[in-house]
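Engineer: For reference, the structure I am asking about is given below.
2 protein chains.
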Amino acid sequence: MDSENRLHTDAEHSSTDRPAVSPAVIRRLPRYFRYLRELIREGKLRISSGELSERMGVTASQIRQDLNCFGGFGQQGYGYNVNYLYAKISDLLGVGAGLCAVIVGAGDLGRALVRSSMFEKRGVDVVAMFDVNPDLIGREFGGVKIYDVCELETFCLENAVDMAVLTLPKDQVEPMSERLMTAGIRGLWNFTGKELNAISDQIIVENVHLGDSLMILNYQICRDKPTVTPKEERGETADAQKESLE
Amino acid sequence: MDSENRLHTDAEHSSTDRPAVSPAVIRRLPRYFRYLRELIREGKLRISSGELSERMGVTASQIRQDLNCFGGFGQQGYGYNVNYLYAKISDLLGVGAGLCAVIVGAGDLGRALVRSSMFEKRGVDVVAMFDVNPDLIGREFGGVKIYDVCELETFCLENAVDMAVLTLPKDQVEPMSERLMTAGIRGLWNFTGKELNAISDQIIVENVHLGDSLMILNYQICRDKPTVTPKEERGETADAQKESLE
Chain A
1 MDSENRLHTD
11 AEHSSTDRPA
21 VSPAVIRRLP
31 RYFRYLRELI
41 REGKLRISSG
51 ELSERMGVTA
61 SQIRQDLNCF
71 GGFGQQGYGY
81 NVNYLYAKIS
91 DLLGVGAGLC
101 AVIVGAGDLG
111 RALVRSSMFE
121 KRGVDVVAMF
131 DVNPDLIGRE
141 FGGVKIYDVC
151 ELETFCLENA
161 VDMAVLTLPK
171 DQVEPMSERL
181 MTAGIRGLWN
191 FTGKELNAIS
201 DQIIVENVHL
211 GDSLMILNYQ
221 ICRDKPTVTP
231 KEERGETADA
241 QKESLE
Chain B
247 MDSENRLHTD
257 AEHSSTDRPA
267 VSPAVIRRLP
277 RYFRYLRELI
287 REGKLRISSG
297 ELSERMGVTA
307 SQIRQDLNCF
317 GGFGQQGYGY
327 NVNYLYAKIS
337 DLLGVGAGLC
347 AVIVGAGDLG
357 RALVRSSMFE
367 KRGVDVVAMF
377 DVNPDLIGRE
387 FGGVKIYDVC
397 ELETFCLENA
407 VDMAVLTLPK
417 DQVEPMSERL
427 MTAGIRGLWN
437 FTGKELNAIS
447 DQIIVENVHL
457 GDSLMILNYQ
467 ICRDKPTVTP
477 KEERGETADA
487 QKESLE
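Going line by line, the protein sequences match chains A and B. Numbering of the first sequence is given in the working numbering, commencing with residue 1 and proceeding in unit increments. Numbering of the second sequence is given in the working numbering, commencing with residue 247 and proceeding in unit increments.
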C-alpha cells in the first residue's frame with residue numbers, strides 16, 4: 001500500500017465540490033469509515049472527538065484536525081453527527097460512485113476476495129473473474145463467473161469496468177497491466193507481490209504487500225524476545241508434530 | 247497495518263547487537279528486503295544508491311539515509327554489497343529467527359495464505375491451522391493439517407508457537423486473542439477486519455485492513471474520473487451480463 005507518493009488530492013481539482021483534504025488525511029479516512037460504520041450499527045447518532053479518540057486510539061486533537069475539513073459540524077459539547085460524517089467520508093472515498101471491478105486470477109486469493117463482503121461494503125461491484133485454467137473457466141465463486149482470460153478486453157470495454165484486482169502469478173503482471181490499460185481499466189489493485197510503478201498516467205496502481213506486514217510483526221516479536229528458539233532446538237513434541245504433518 | 251504508533255526500535259534495547267533503526271525506517275525495510283531479493287535472483291552483487299533509487303522510485307538520498315545505519319558499506323562509486331545488506335536486513339527483521347505460526351480460521355483466506363510462499367520466504371514455519379468446522383478438521387491444505395480449535399492452547403504451548411494468523415469471523419477475535427495470549431502466543435497477525443488494540447503488553451498486534459487499501463484506490467479512481475457512470479446507467483450489455491451472472 002505504497003502509493004502515498006502518488007496520492008494527490010481534490011485540492012488540485014477545483015472543478016469538484018468535494019472538500020480539499022491532504023493526502024495524509026485521505027490515507028486515514030478509511031479507518032474513520034470503519035469506525036463510523038460500527039457506530040451506526042450500534043445506533044449511535046452523535047460522538048464527541050474525545051469518545052472517538054478513545055475508541056480509535058488517536059488523540060482527540062488529531063481527530064478534530066482530520067475531520068475539520070468536512071465542515072463545522074463538530075461543535076464543542078455537541079459532537080459529530082455520525083450519519084452525516086459517514087455520508088461525507090463515503091462520498092469522498094467513492095463508495096456511492098458505482099465502481100465496477102473484475103478479478104484477474106481465480107486462484108485461492110482471488111476466490112477468497114470474491115467471497116468476502118469487502119467489495120460490497122465499499123460499493124464496488126465485482127462483475128467477473130478471469131483465469132487461464134480450463135478447469136476453472138465457467139465455474140462461479142461467490143456468485144461471480146470465471147471467464148477465459150482471452151475474453152478480458154472485450155468484457156471490460158463492453159461493461160465499462162473501472163478496476164482490476166490482480167491475483168495472478170507475478171511474472172504475468174506487467175503484460176496483463178498493459179492489456180488492462182488498453183481495455184479501459186482505470187485502477188489496478190495489485191496483490192501479486194511484484195510492485196507495479198505507475199505504468200502510465202492513465203492508470204492508478206495500489207500495491208498490496210501482505211508480506212511486508214508479516215515482516216513488521218516478525219521484527220516486533222524478535223525485538224521483544226531476542227532469544228527465540230530456532231526450529232531445530234524446539235522440543236521433541238514439536239519435531240514429532242512437524243513430521244506427522246509432512 | 248496500523249501499529250506504527252506502537253513500533254519501538256532496537257535503540258531502546260541496548261542489550262542487543264542490532265543496529266539502532268528508527269520506526270519509520272523499520273517500516274520501509276521490508277520493501278528493501280523484496281528489492282534486494284530480486285537483485286540476488288538476478289545475480290547482481292553490488293548496486294549503487296542511484297540505481298536502487300531508480301528501481302524503487304525513491305530518492306537516492308532517502309536510500310542512503312535509510313541504509314546508513316547498517317554500516318559504512320555503501321561507499322561512493324562502489325555501491326552496496328547486495329548479499330551483505332540482504333543478510334543484515336533479514337537478520338534485523340527476524341527472518342532467520344525460526345518463528346513458528348498457526349492460522350486460526352481455515353476458510354478461504356486462511357487456505358489462500360497457507361498455500362502461498364509468503365511465510366516460507368520470510369522464515370516463518372506454519373505448523374497448524376485451527377477451525378471449528380468438523381468437515382475441515384483433519385484435512386490438510388498446503389501440507390498443513392487443520393485441528394479442532396479446542397486443541398489450540400495445548401498445541402501452542404507444546405510447540406512453542408510464536409504467532410497466530412487470525413482469519414476467523416470478526417465477532418470471535420477478542421475472546422480468541424485472550425485464549426492465544428494464555429497459550430503463550432507473542433504476536434497476532436489480524437485479518438478479521440475488527441481492529442485489535444494492544445490487549446496486553448504481552449502480545450503484539452499487526453492489523454491488516456485490505457478494505458482500507460481498496461478505498462484508497464476507489465478514491466483515486468473517482469478523483470480522476472468524477473463522472474463515473476453509476477451502475478444503473480451502464481449500457482444494456484452490462485445489465486445483460488450482470489443478469490446472466492445472478
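Just so you know, even glycine gets a beta-carbon here, dropped at the ideal spot from N, CA and C.
Could you tell me the alpha carbon to alpha carbon distance between A/Leu255 and A/Asn190, rounded to whole angstroms?
Structural biologist: Outside the shown range of chain A, which is 1 to 246, sits residue 255 of chain A, and nothing can be said about it.
Engineer: Could you pull out every residue in the same chain whose Cβ sits closer than 8 angstroms to the Cβ of A/Gly50, ignoring the five residues on either side in sequence?
Structural biologist: Reading the first sequence from its first residue, position 50 is the one you call residue 50 of chain A. If we look at A/Gly50 and ignore the five residues flanking it on each side, its Cβ neighbours are Ala60.
Engineer: Taking contact to mean 3 or more Cβ pairs, one atom from each stretch, closer than 8 angstroms, check whether the stretch 153 to 165 of chain A and the stretch 137 to 144 of chain A are in contact.
Structural biologist: Touching, no, given that fewer than three Cβ pairs across the two stretches are closer than 8 angstroms.
Engineer: In the structure shown, what three-state DSSP assignment does A/Gly50 receive?
Structural biologist: One-based indexing of the first sequence puts residue 50 of chain A at position 50. The answer is helix: DSSP assigns A/Gly50 an H, G or I state.
Engineer: Kindly list, in the order they appear in chain A, the residues whose Cβ is closer than 7 angstroms to that of B/Asn443.
Structural biologist: Taking the second sequence and counting its residues from 1, the one referred to as residue 443 of chain B is at position 197. Result: Gly57.
Engineer: Give me the residue from B/Gly351, B/Arg357 and B/Gly369 with the minimum Cα distance to B/Ala343.
Structural biologist: Looking up residue 343 of chain B in the second sequence gives position 97. Residue B/Gly369 is the option with its Cα nearest to B/Ala343.
Engineer: With a threshold of 6 angstroms on Cβ separation, who are the neighbours of A/Ile63 within its own chain once the five nearest residues in sequence on each side are excluded?
Structural biologist: The residue you call residue 63 of chain A lines up with position 63 of the first sequence. Once the five neighbours on either side are set aside, the close Cβ partners of A/Ile63 are Ser49, Leu52 and Ser53.
Engineer: For a minimum of 3 consecutive residues, which ranges assigned as the beta strand (DSSP E) are wholly contained in the stretch 364 to 406 of chain B?
Structural biologist: 371 to 377 and 390 to 394
Engineer: For A/Thr167 and A/Cys150, what's the separation of their Cα atoms in angstroms?
Structural biologist: Here the question's residue 167 of chain A lines up with position 167 in the first sequence. Here the question's residue 150 of chain A lines up with position 150 in the first sequence. Cα-Cα distance, rounded: 16 angstroms.
Engineer: In chain A, which residues lie with their C-beta within 8 angstroms of the C-beta of B/Val454?
Structural biologist: By one-based count along the second sequence, residue 454 of chain B stands at place 208. Chain A residues near B/Val454: Leu210 and Ser213.
Engineer: So B/Lys416 contacts chain A; which residues on that side make the cut at Cβ distance below 8 angstroms?
Structural biologist: Position 170 of the second sequence, counted from the start, is the residue given in the question as residue 416 of chain B. Simply none; closest approach about 10 angstroms.
Engineer: Give me the Cα-Cα distance between A/Ile264 and A/Asp91, rounded to the nearest whole angstrom.
Structural biologist: Past the edges of chain A, shown from 1 to 246, lies residue 264 of chain A, and the structure says nothing about it.
Engineer: Who are the Cβ neighbours of B/Cys346 in its own chain at under 6 angstroms, not counting the five residues just before and after it?
Structural biologist: Working through the second sequence from its first residue, we reach residue 346 of chain B at position 100. Once the five neighbours on either side are set aside, the close Cβ partners of B/Cys346 are Asp371, Val373, Val407 and Asp408.
Engineer: What does the alpha-carbon distance come out to for the pair A/Glu38 and A/Gly211?
Structural biologist: Here residue 38 of chain A is taken as the residue at index 38 of the first sequence, counted from 1. Here residue 211 of chain A is taken as the residue at index 211 of the first sequence, counted from 1. When rounded, the distance between both Cα atoms is 28 angstroms.
Engineer: Where does B/Arg357 land, buried or exposed, given buried means 16+ other C-beta within 10 angstroms?
Structural biologist: Taking the first residue of the second sequence as position 1, residue 357 of chain B is located at position 111. Counting Cβ neighbours within 10 Å, B/Arg357 comes out buried, since at least 16 surround it.
Engineer: Buried or exposed, going by whether 16 or more other CB atoms sit within 10 Å of the CB of B/Asn453?
Structural biologist: Locating residue 453 of chain B in the second sequence gives position 207, counting from the first residue. By the neighbour-count rule (16 or more Cβ atoms within 10 Å), B/Asn453 is buried.
Engineer: I'd like to check one pair, B/His455 with B/Gly433: are the Cβ atoms closer than 9 angstroms?
Structural biologist: For the purposes of this step, residue 433 of chain B is taken as residue 187 along the second sequence, with counting starting at 1. For the purposes of this step, residue 455 of chain B is taken as residue 209 along the second sequence, with counting starting at 1. No.
Engineer: Taking buried to mean at least 16 other C-beta atoms within 10 Å of its own C-beta, is A/Arg223 buried or exposed?
Structural biologist: By one-based count along the first sequence, residue 223 of chain A stands at place 223. Under this definition A/Arg223 is a buried residue.
Engineer: Tell whether a beta-carbon distance below 9 angstroms holds between B/Asn464 and A/Val82.
Structural biologist: Stepping through the second sequence from its first residue, residue 464 of chain B is reached at position 218. Stepping through the first sequence from its first residue, residue 82 of chain A is reached at position 82. Not a contact, by the Cβ cut-off of 9 angstroms.
Engineer: What does the alpha-carbon distance come out to for the pair A/Leu245 and B/Asp394?
Structural biologist: As a first step, residue 245 of chain A must be located in the first sequence, where it is residue number 245. As a first step, residue 394 of chain B must be located in the second sequence, where it is residue number 148. Residue placement at A/Leu245 is flagged as unreliable, the pLDDT there being 19, under the threshold of 50; a coordinate-derived value is accordingly withheld.
Engineer: To which residues of the same chain is A/Ile204 closer than 6 angstroms at the C-beta, ignoring the five residues directly before and after it?
Structural biologist: The sequence position of residue 204 of chain A within the first sequence is 204, counting from 1. Here the set comprises Gly187.
Engineer: Anything in chain B within Cβ reach of A/Ala112, meaning under 8 angstroms, just list it in chain order.
Structural biologist: Counting from one through the first sequence, the residue named residue 112 of chain A turns up at place 112. In chain order: Gly353, Asp354, Leu355, Arg357 and Ala358.
Engineer: Below 7 angstroms CB to CB, which residues in the same chain sit around A/Gly107 once its five sequence neighbours on both sides are set aside?
Structural biologist: To locate residue 107 of chain A, count along the first sequence from 1; it is residue 107. Closer than 7 angstroms at the Cβ level, and outside the excluded window around A/Gly107, lie Thr167.
Engineer: Using a Cβ-Cβ cutoff of 8 angstroms, what residues of the stretch 132 to 166 of chain A are near chain B? List them in chain order.
Structural biologist: Glu140, Gly143, Val144, Lys145, Phe155, Glu158, Asn159, Ala160, Asp162 and Met163
Engineer: Is B/Leu434 helix, strand or coil when you go by DSSP?
Structural biologist: Within the second sequence, the letter at position 188 stands for residue 434 of chain B. Looking at B/Leu434 - three-state DSSP - the assignment turns out to be strand.
Engineer: For chain B, is any of its Cβ atoms less than 9 angstroms away from the one on A/Lys88?
Structural biologist: Counted from its first residue, the first sequence places residue 88 of chain A at position 88. Chain B, which has no Cβ nearer than 9 angstroms to the Cβ of A/Lys88, makes this no.
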